[in-house]
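Residue numbers (this note's numbering), protein chains in the order written: chain A, 447 to 525; chain B, 11 to 254.
Structure (structure tokens):
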């Protein structure tokens, strides 16, 4: 996966706003870390490992859920 | 060919009334504050009135206004921050109040009411430059009629104060009409951006649009969201608190 067609990103402490098309999305810290990390293509396992380094172990399925949401909004591209 | 040129929102648009020559006088009256005076501006092309504009067909006049607005928005897309908002200039030169809201939630009512004391900039589209200056768009107001429907009305006809040549944004508010108690809520910047951006045009065509909106908020102060049922509640808070 990698970043989708993001027009602009604005950071605010632990959160971020992302503009995709005309839609603005608000990212939590987890979403923000994933988007920042996916500045180049990454495997899901790399993303999970990166989040564990930054935040500790996540509940089962939590990371996949966030990734699915980011893909569904176009913030990430699953290709 | 009967063409009337408008210079407004930093652009020039020509309105072709050749198919409705009898409407020329009324058009000039409605758009009196936007008539071309040689200031220039970027070329927004020509809008054609394809049908007659009879006095008893308000919808035809509204559709001309909408066509003009869309043409101006397209001309300035990507250059200016374009908000679906009204704006009024404080009479003492302390800058402009920008009030952002979806259609039908009170922008025109606020413009019409407070605009008798504050300079009428626009009731529909606020265009802000990189420097925080508002380019005025003192278009006709679409006023609800007692018998139903809306009628385009000249700002002069309803006694609105003159439009200043330029104004700077002094404060931005979001209007939320509700049946509950009046509340003025000062928003963190991130929520201010989220409140404003759904009421913008062509955001994706700008350079760093989110930073631009954030920068404007940082410059003028936190966005205030008004939860209100009567426009006088907003006016009272604006005049006694925001612009005290």
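Don't be surprised by glycine CBs; every beta carbon is placed ideally from N, CA and C. Owing to the predicted nature of the structure, the values given are computational and were not obtained by experimental measurement.
Name, going along the chain, the residues of the region 197-221 of chain B whose beta-carbon falls closer than 7 Å to a beta-carbon of chain A.
For the region 197-221 of chain B, which is checked against every Cβ of chain A, the residues closer than 7 Å are 199, 200, 203, 204, 207, 213, 214, 218, 219, 220, 221.
Quick check on DSSP: helix, strand or coil for residue 230 of chain B?
Here residue 230 of chain B sits in helix by DSSP.
Inter-residue spacing [alpha-carbon to alpha-carbon] between residue 77 of chain B and residue 487 of chain A:
Residue 77 of chain B and residue 487 of chain A have their C-alpha atoms some 44 Å from each other.
Leaving out the 5 sequence neighbours to the left and right, which residues in its chain are closer than 8 Å to residue 253 of chain B when beta-carbon positions are compared?
Counting only Cβ-Cβ distances below 8 Å, and skipping sequence neighbours, we find 100, 104, 107, 180, 181.
I'd like the list of long-range same chain contacts for residue 154 of chain B, defined as Cβ closer than 8 Å, with 5 residues on each side in sequence excluded.
Around residue 154 of chain B, the same chain offers 160 as residues with beta carbons nearer than 8 Å, after the five sequence neighbours per side are excluded.
In chain A, which residues lie with their C-beta within 8 Å of the C-beta of residue 87 of chain B?
For residue 87 of chain B, no chain A residue has a Cβ inside 8 Å of its Cβ, as the nearest lies near 12 Å away.
Residue-level contact to chain A via CB, residue 59 of chain B, 7 Å cutoff:
It does not: the Cβ of residue 59 of chain B has no partner Cβ on chain A nearer than 7 Å.
According to DSSP, is residue 168 of chain B part of a helix, a strand, or is it coil?
Residue 168 of chain B: coil per DSSP, three-state reduction.
Compare the C-alpha of residue 125 of chain B against each of B:136, B:95, B:171 and name the closest.
For the set B:136, B:95, B:171, the Cα lying nearest the Cα of residue 125 of chain B is the one of B:171.
I believe residue 81 of chain B touches residue 55 of chain B by the beta-carbon criterion, under 8 Å. Please report the beta-carbon distance rounded to the nearest angstrom.
Contact flag correct, Cβ pair sits at about 6 Å.
Since I believe residue 202 of chain B is in contact with residue 233 of chain B (beta carbons under 8 Å), could you give me their beta-carbon distance rounded to a whole number of angstroms?
Rounded, the Cβ-Cβ distance is 3 Å, consistent with contact.
How would you call residue 477 of chain A, buried or exposed, if buried means at least 16 neighbouring beta carbons within 10 angstroms?
Classification for residue 477 of chain A: buried.
Suppose you measure from the CA of residue 33 of chain B to the CA of residue 27 of chain B; what does that come to, to the nearest Å?
Answer to the nearest angstrom: the Cα atoms are 7 Å apart.
Which residues in chain A sit within 7 Å of residue 224 of chain B, going by Cβ to Cβ distance?
The answer, in chain order, is 456.
For residue 175 of chain B, count the other beta carbons within 10 Å of its own beta carbon; 16 or more makes it buried, fewer makes it exposed. Which is it?
Around the Cβ of residue 175 of chain B, a 10 Å sphere holds fewer than 16 other Cβ atoms; the residue is exposed.
Could you check whether residue 235 of chain B and residue 197 of chain B sit closer than 7 Å to each other, using their CB atoms as the reference points?
Against a cut-off of 7 Å, the Cβ pair of residue 235 of chain B and residue 197 of chain B comes out as a contact.
C-beta contact flag for residue 115 of chain B and residue 185 of chain B at 7 Å:
Taking 7 Å as the Cβ cut-off, residue 115 of chain B and residue 185 of chain B qualify as a contacting pair.
Can you tell which of B:117, B:57, B:69 has the C-alpha that lies nearest to the C-alpha of residue 242 of chain B?
Selected option, being the one with the closest Cα: B:117.
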